[in-house]
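Quick note: our numbering has the sequence shown finishing at residue 108, numbered continuously throughout. Glycine included, each C-beta is placed from N, C-alpha and C at the ideal position. All figures in this text were calculated on a predicted structure; none of them were measured in a lab. Written below as structure tokens is the structure these notes are about.
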Amino acid sequence: MFLIAGVQPKTKTLDKEAKICPGCGLKTAHNQRIDHYFSLFFIPVLRVKKGETMLTCDRCRQFVNTNPARRCRRCNQVMDPDFKFCPFCGDPAH
Ligand SMILES: [Zn+2]
Ligand SMILES: [Zn+2]
């Protein structure tokens, strides 16, 4: 017997009701999240990374990030949520 372990992505659909896709205008989009799971023998046992919620269209495969972009309150540049300081003006993040 040998062990098969690894981290694999798993797409999770968060809502049953289809939503209107901003790309094609049809009601074919769903909120989905791609989580990463540590798996043993291809069975996910532990979630290691929680993905961001994205609106995914079944038809045009468009991904729309539903989380509003984080902007610097000083210079209004879009900044990564992990940043502690704004990379553009050095303002501490809030
Ligand atoms: Zn679409
Ligand atoms: Zn800034």
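Can you find the residues in the same chain that come closer than 7 Å, C-beta to C-beta, to G20, ignoring five residues on each side of it along the sequence?
S53
Rounded Cβ spacing between C74 and C89 (contact assumed at less than 8 Å):
C74 to C89, Cβ: 34 Å. No contact.
Pull the bridge partners of F56 from the DSSP assignment, please.
Partner(s): none; F56 has no beta bridge.
6 Å CB neighbourhood of C100 in its chain, flanking five on each side removed
C86 and M93
If you count every other CB in all the chains shown that lies within 10 Å of the CB of A83, and 16 or more means buried, which is it?
exposed
Which residues DSSP lists as bridging V21, in chain order
F52
Do N45 and T109 have their beta-carbon atoms positioned less than 8 Å apart in this structure?
Limits of the chain in this structure are 15 at one end and 108 at the other, which puts residue 109 out of reach.
Delimiting residues of the beta strand (DSSP E) encompassing T42:
Careful: T42 lies outside any beta strand (DSSP E) and carries neither H nor E.
Buried/exposed call for T70, threshold 16 Cβ in 10 Å:
buried
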